[in-house]
Amino acid sequence: MTEYEIIEGCINQDAKCQRALFDRYAGKMMGVCTRYAKDTMEAEDMLQDAFIKVFQYIGQFKFEGAFEGWIR
543 MTEYEIIEGC
553 INQDAKCQRA
563 LFDRYAGKMM
573 GVCTRYAKDT
583 MEAEDMLQDA
593 FIKVFQYIGQ
603 FKFEGAFEGW
613 IR
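Residue numbering for the sequence shown follows the working numbering, starting at 543 and increasing by one per position.
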């Protein structure tokens, strides 16, 4: 699946695409969360909150520039 297909699927609330997006970006996002959190549990909570927001606002992504930059 291409990034475009994954994002379009997430916009349409496709669980398979949401999982693919999570699998693709969770590692990088966890690295960012770990830098700001005081412990692993807090970082995991931050990651979960971040993905909730990503899925909530993904329809606002306009495919102008890198998705990875938008997701941060």
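Cβ coordinates follow ideal geometry from the N, Cα and C atoms, glycine included.
Remember, it's a predicted structure, so these values are computed and weren't measured experimentally.
- Mind checking whether alanine 562 and cysteine 575 have CB atoms under 8 Å apart? Numbered from its first residue, the sequence shown carries residue 562 at position 20. Numbered from its first residue, the sequence shown carries residue 575 at position 33. With a cutoff of 8 Å on beta-carbon distance, alanine 562 and cysteine 575 are scored as not near each other.
- Task: Would you list, in sequence order, the uninterrupted alpha helix (DSSP H) runs of no fewer than 4 residues that lie entirely inside the stretch 565–614?
- Result: Counting whole runs of 4 or more residues, the stretch 565–614 contains the alpha helix (DSSP H) stretches 582–599, 609–613.
- Query: Leaving out five residues before and five after alanine 579 in sequence, what residues of the same chain have Cβ atoms less than 7 Å from its Cβ?
  - Reply: For the purposes of this step, residue 579 is taken as the residue at position 37 of the sequence shown. So the list reads Ala585, Met588, once near-sequence residues are dropped.
- Collapsed DSSP secondary structure at glutamine 555 in the structure displayed: In the sequence shown, the residue the question calls residue 555 occupies position 13. Under the three-state reduction of DSSP output, glutamine 555 falls in the coil class, being neither helix nor strand.
- Message: Please return the same chain residues whose Cβ sits closer than 7 Å to the Cβ of valine 596, not counting the five positions on each side in sequence.
- Response: For the purposes of this step, residue 596 is identified with residue 54 of the sequence shown, where counting begins at 1. Here the set comprises Ile613.
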